[in-house]
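Visitor:
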């Protein structure tokens with residue numbers, strides 16, 4: 028993947044309905060060239076799905092990143108199936124990615140949790156309930172929560188068809204829902220303005236020829252703040268650094284990097300360690316991951332179903 032692919036994917040992550048023409052202008056190419064790139068990213072499996080989900084605030088939830096270390100005795104597929112069973116003890120998981128974890132097998136898990144410390148405790152107990160699990164390292168994340176509002180009937184009508192196809196043209200939503208094109212457009216604008224609905228993608232950056240890895244970076248908060256660390260990473264690695272998730276409890280971030288070969292992983296890791304403000308770097312190399320609908324999607328589905336639309 029090149030820099031244009033990166034820009035396109037990040038734009039779609041922010042808003043999967045981003046217009047080809049807008050992305051084309053930003054990248055100094057034609058809209059048709061952007062369309063072909065999106066089609067290729069889909070065919071390669073890098074874009075796995077287009078998603079509509081409620082914001083975290085709409086379901087009173089927070090985002091959690093967990094590192095689950097096992098003794099290696101588990102069958103990987105069966106273990107992931109057990110973790111992700113929607114009817115199981117913890118229906119909040121939306122991503123599981125096996126990764127390298129030193130002496131242990133490692134699973135990187137993204138999930139949501141509710142009820143604050145109680146929800147965190149229940150998540151920890153769930154992960155530790157598996158005999159294979161040797162260690163659980165959980166990181167509540169600072170992540171945009173959006174707003175909590177009551178959705179109108181018109182908004183739910185639009186969501187009924189966005190849920191079917193998040194990139195459905197406005198004219199088609201209008202024809203199917205009976206809501207005018209103007210009002211459909213206004214609804215979409217309000218979703219974005221109020222941050223109540225996320226229109227995004229699920230990606231798998233390991234699906235193509237590139238290699239994705241997470242760098243778990245801890246810094247000395249007496250020497251630097253999060254903004255200076257982020258800016259330094261973007262300046263140092265403009266092509267490789269794709270973004271970050273920030274721990275809510277300590278000076279720690281998980282940086283997403285995409286490179287072309289394993290030697291680049293080692294080079295970047297060693298380079299980051301040389302920053303005098305950074306105290307430690309742990310590289311987490313991911314394998315093909317699996318995504319699942321979590322509470323933000325299932326609750327939206329229930330809302331739509333309950334209206335009878």
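Residue numbers (our numbering): 28 to 336.
Virtual Cβ for every residue (Gly too), placed ideally from N, Cα, C.
The structure presented is a predicted model; accordingly, all values stated were derived computationally and were not measured.
Determine the burial state of residue 116: buried for a count of at least 16 other Cβ atoms within 10 Å of its Cβ, exposed for fewer.
Guide: Here residue 116 refers to the residue found at position 89 when the chain shown is read from its first residue. With a pLDDT of only 46 at residue 116, under 50, the local geometry of the prediction cannot be trusted, and the value read off the model is given with reservation. Classification of residue 116: exposed, given that the 10 Å Cβ count is below 16.
Visitor: So what does DSSP say about residue 321, is it helix, strand or coil?
Guide: Here the question's residue 321 lines up with position 294 in the chain shown. Note: residue 321 maps to coil in three-state DSSP.
Visitor: Residue 132 bridges to which residues according to DSSP?
Guide: In the chain shown, counting from the first residue as 1, residue 132 sits at position 105. DSSP lists 97 and 127 as partners of residue 132.
Visitor: Among residues of its own chain, excluding the 5 on either side of residue 169, which ones have a beta-carbon nearer than 7 Å to its beta-carbon?
Guide: In the chain shown, counting from the first residue as 1, residue 169 sits at position 142. Once the five neighbours on either side are set aside, the close Cβ partners of residue 169 are 273 and 275.
Visitor: Taking the C-alpha atoms as reference points, what is the distance between residue 98 and residue 180?
Guide: Taking the first residue of the chain shown as 1, we reach residue 98 at position 71. Taking the first residue of the chain shown as 1, we reach residue 180 at position 153. Near 50 Å, if we compare the C-alpha coordinates of residue 180 and residue 98.
Visitor: Closer than 8 Å is the cut-off here; do at least three beta carbon pairs connect the stretch 228 to 242 with the stretch 280 to 290?
Guide: yes
Visitor: May I ask you to list the residues that DSSP assigns as paired with residue 167?
Guide: What you label residue 167 is simply residue 140 of the chain shown in a count that begins at 1. 91, per the DSSP bridge assignment.
Visitor: Please name the residue, chosen from 32, 328, 43 and 42, that lies closest to residue 184 on a Cα-to-Cα basis.
Guide: In the chain shown, the residue the question calls residue 184 occupies position 157. For residue 184, the nearest C-alpha among the options comes from 328.
Visitor: On the DSSP bridge list, what partners appear for residue 74?
Guide: Within the chain shown, the letter at position 47 stands for residue 74. Per DSSP, 230.
Visitor: Enumerate in chain order the residues of its own chain whose CB-to-CB distance from residue 119 is below 7 Å, with the five nearest sequence positions on each side excluded.
Guide: The count along the chain shown starts at 1 and reaches residue 119 at position 92. Within the same chain, residue 119 has close Cβ partners 138, 139, 140, 321 and 322.
Visitor: What's the gap between the Cα of residue 338 and the Cα of residue 202?
Guide: No answer is possible for residue 338: the residues shown for the chain start at 28 and end at 336.
Visitor: Tell me the start and end of each unbroken alpha helix (DSSP H) in the stretch 211 to 296 that is at least 4 residues and wholly inside, in chain order.
Guide: 253 to 263
Visitor: Output yes or no for whether 9 Å exceeds the beta carbon distance between residue 165 and residue 93.
Guide: Here the question's residue 165 lines up with position 138 in the chain shown. Here the question's residue 93 lines up with position 66 in the chain shown. Taking 9 Å as the Cβ cut-off, residue 165 and residue 93 qualify as a contacting pair.
Visitor: Mind checking which residues open and close the alpha helix (DSSP H) that includes residue 336?
Guide: Along the chain shown, read from residue 1 onward, the residue named residue 336 stands at position 309. That residue, residue 336, is in no alpha helix (DSSP H); it is neither H nor E in DSSP.
Visitor: Could you give the DSSP three-state label for residue 199: helix, strand or coil?
Guide: Residue mapping note: residue 199 aligns to position 172 of the chain shown, counting from 1. Residue 199: helix per DSSP, three-state reduction.
Visitor: If contact is defined by three or more beta carbon pairs under 8 Å, each pair taking one atom from either stretch, is the stretch 212 to 220 in contact with the stretch 246 to 261?
Guide: no
Visitor: Any idea what DSSP makes of residue 311, helix, strand or coil?
Guide: Residue mapping note: residue 311 aligns to position 284 of the chain shown, counting from 1. Here residue 311 sits in strand by DSSP.
Visitor: So, using beta-carbon positions, are residue 89 and residue 83 closer together than 9 Å?
Guide: Start at 1 with the first residue of the chain shown, and residue 89 comes out as number 62. Start at 1 with the first residue of the chain shown, and residue 83 comes out as number 56. A contact, by the Cβ cut-off of 9 Å.
Visitor: Short of 6 Å in beta carbon distance, which residues of its chain neighbour residue 189, apart from the five on each side in sequence? Order them along the chain.
Guide: Stepping through the chain shown from its first residue, residue 189 is reached at position 162. So the qualifying residues of the chain are 79.
Visitor: Counting only the same chain and skipping the five closest in sequence on each side, list residues whose C-beta sits under 7 Å from that of residue 146.
Guide: Locating residue 146 in the chain shown gives position 119, where the first residue counts as 1. Excluding residues within five positions, the ones whose Cβ falls inside 7 Å are 140.
Visitor: Which of the three DSSP states, helix, strand or coil, is assigned to residue 184?
Guide: As a working note, residue 184 is residue 157 in the chain shown. Note: residue 184 maps to helix in three-state DSSP.
Visitor: Out of 226, 186, 110 and 228, which has the shortest C-alpha to C-alpha gap to residue 335?
Guide: In the chain shown, the residue the question calls residue 335 occupies position 308. Nearest of 226, 186, 110 and 228 to residue 335, Cα basis: 186.
Visitor: On the CB-based measure, 16 or more other CB atoms within 10 Å of its CB, does residue 319 come out buried or exposed?
Guide: As a first step, residue 319 is located in the chain shown; it is residue number 292 there, counting from the start. Counting Cβ neighbours within 10 Å, residue 319 comes out buried, since at least 16 surround it.
Visitor: Rounded to a whole number of angstroms, what is the C-alpha to C-alpha distance between residue 312 and residue 108?
Guide: To locate residue 312, count along the chain shown from 1; it is residue 285. To locate residue 108, count along the chain shown from 1; it is residue 81. Near 21 Å, if we compare the C-alpha coordinates of residue 108 and residue 312.
Visitor: Comparing C-alpha positions only, which one of 60, 226, 307 and 222 sits nearest to residue 24?
Guide: Because residue 24 is not part of the residues shown, which for the chain are 28 to 336, the question remains open.
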